[in-house]
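Numbering (my numbering), first residue to last: 50 to 206. Even for Gly, the Cβ is constructed at its ideal location relative to N, Cα and C.
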Amino acid sequence: MTRLRTLTECTVLDEWVDYNGHMNDAAYAIPFSKAVEAFIRDLSMDAGYRDREQLTIYTLENHIRYVREAFAGERLQVDMQLVDRDTKRAHVFLRLVDGDGAVRATSEQMLMVIDTSAGRPGRFRGEPLERLEAMAEADRALPVPKEIGRPIGIRRG
Numbered sequence: 050m051t052r053l054r055t056l057t058e059c060t061v062l063d064e065w066v067d068y069n070g071h072m073n074d075a076a077y078a079i080p081f082s083k084a085v086e087a088f089i090r091d092l093s094m095d096a097g098y099r100d101r102e103q104l105t106i107y108t109l110e111n112h113i114r115y116v117r118e119a120f121a122g123e124r125l126q127v128d129m130q131l132v133d134r135d136t137k138r139a140h141v142f143l144r145l146v147d148g149d150g151a152v153r154a155t156s157e158q159m160l161m162v163i164d165t166s167a168g169r170p171g172r173f174r175g176e177p178l179e180r181l182e183a184m185a186e187a188d189r190a191l192p193v194p195k196e197i198g199r200p201i202g203i204r205r206g
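1) Does the beta-carbon distance from L160 to L109 come in below 8 Å?
2) For the beta strand (DSSP E) that S156 lies in, which residues bound it at each end?
3) Anyone know if the C-beta pair for V162 and K137 falls short of 8 Å?
4) For the stretch 62–137, which segments carrying the beta strand (DSSP E) assignment without a break, of at least 3 residues, lie completely within its bounds, in sequence order?
5) Tell me which residues share the same chain as F120 and place their Cβ nearer than 8 Å to its Cβ, disregarding the 5 neighbours each side in the sequence.
6) DSSP state of P177, grouped into three classes?
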C-alpha cells in the first residue's frame with residue numbers, strides 16, 4: 050500500500066502552549082503551514098521558480114480538526130495526502146501525528162496557483178505539473194480520508 054509522505058517534523062514549543070497546558074489552537078496552524086511550504090518546494094516552486102515564472106500558491110481554505118491534545122516538548126510530524134487536483138488547484142489532507150502514529154490534528158486545505166503578475170489564478174505547468182501528477186498517481190491507491198468535506202455544525206434531532 051502507498052504510504053503518506055512526511056513533509057515536516059517539529060517539537061511543540063513552550064510558546065505554543067496555552068493556559069490549559071496543551072498546544073493552543075492557533076499553534077496547530079504553524080506545522081500545517083510549514084508542511085504546505087514543503088509541499089510547494091516538492092513541486093519545485095521555490096523562490097527562483099516564483100520569480101522566473103511569476104507563479105505562486107495561495108491557501109484558499111483551511112479546515113483544522115483537533116483530535117488529541119499535544120504538549121510541550123512532544124515530537125510531531127505532518128504527513129500529507131493529495132486528495133485531488135486540477136490545472137490550478139490542489140486539494141490536500143494533512144495529518145499531524147506523534148511518534149506512535151496517533152493523529153493529533155488534521156487539516157484539509159484547498160490550494161491555488163496564482164499568477165503574481167496578474168493577481169489572478171494561474172495554472173500548474175512544466176515540472177510542478179509533472180510532480181503534482183506523480184503525487185496524484187502515487188496517492189490514488191490511498192483511501193479518501195473520511196474527514197474530507199466534513200461540515201461544521203450542531204447536529205439536531
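Result, derived from the coordinates:
1) In this structure, L109 lies closer than 8 Å to L160 by Cβ.
2) From DSSP, the beta strand (DSSP E) with S156 extends over 152–164.
3) For the pair V162 and K137, the CB atoms are nearer than the 8 Å cut-off.
4) Counting only runs of 3 or more, we get 104–115, 124–134.
5) Excluding residues within five positions, the ones whose Cβ falls inside 8 Å are V61, V66, G70, H71, M72.
6) Shown here, P177 sits in a helix according to DSSP, grouped into three states.
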